[in-house]
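Working notes, beginning with the structure itself.
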Amino acid sequence: MKDLSSNIVPHLWFVSNAREAVRFYISLFMDSKIVSETMNSGTPSGDTDIITFELHGQRFMAINGGEEQACGWLKDRFGIAWQIVPEIMDEMMATNDRVKLSRVTEAMLRMVKLNIQQLVDAGNDLPSK
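Residue numbers (numbering that gives the first Met the number 0): 0 to 128.
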């Protein structure tokens, strides 16, 4: 059986202070760093910080903003919100192409269960609207 521990990236949802929390967390652990920071503007919950970071080699993603959205999120029986995200989403969300990022985000916001093919199609270099 494949070792899943190397593929699981916990996503942490913050109401408004993801950037501050991430900076605090990386100050506590040696060999920790921010991998990428993205500002996603114009989502239904407003501007959203998406920060990928590592704590002693374990990758995490912090998301800042608003109420829970569909987008693959679920809440477990303990009240913890989790997002089930295909690996390819990291690549799609890390783009510097704001038009492509907007298309992928808009497609994702319409989904409850993430559909990889529809997200890939949204991220393809199609003419922007």
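Quick reminder that beta carbons are idealized off the backbone N, C-alpha and C, glycines included.
Rounded Cβ spacing between F28 and L54 (contact assumed at less than 8 Å): Position 29 of the sequence shown, counted from the start, is the residue given in the question as residue 28. Position 55 of the sequence shown, counted from the start, is the residue given in the question as residue 54. Correct: roughly 5 Å between the Cβ atoms.
Continuous alpha helix (DSSP H) stretch holding R18: start and end: Position 19 of the sequence shown holds residue 18. Here the alpha helix (DSSP H) through R18 covers A17 to L27.
C-alpha distance - S101 paired with T37, whole-angstrom precision: Working through the sequence shown from its first residue, we reach residue 101 at position 102. Working through the sequence shown from its first residue, we reach residue 37 at position 38. Spanning the two alpha carbons is a distance of roughly 12 Å.
Reduced DSSP secondary structure (H/G/I, E/B, other) of M110: As a position in the sequence shown, residue 110 is number 111, starting the count at 1. It is coil, neither helix nor strand.
C-beta contact flag for M88 and L113 at 9 Å: Working through the sequence shown from its first residue, we reach residue 88 at position 89. Working through the sequence shown from its first residue, we reach residue 113 at position 114. A contact, by the Cβ cut-off of 9 Å.
With 16 other Cβ atoms within 10 Å as the buried cut-off, status of V98: The residue you call residue 98 lines up with position 99 of the sequence shown. Exposed.
Cβ shell of R18 (< 6 Å), same chain only, five flanking positions each side left out: Reading the sequence shown from its first residue, position 19 is the one you call residue 18. Same-chain partners within the cutoff: D48.
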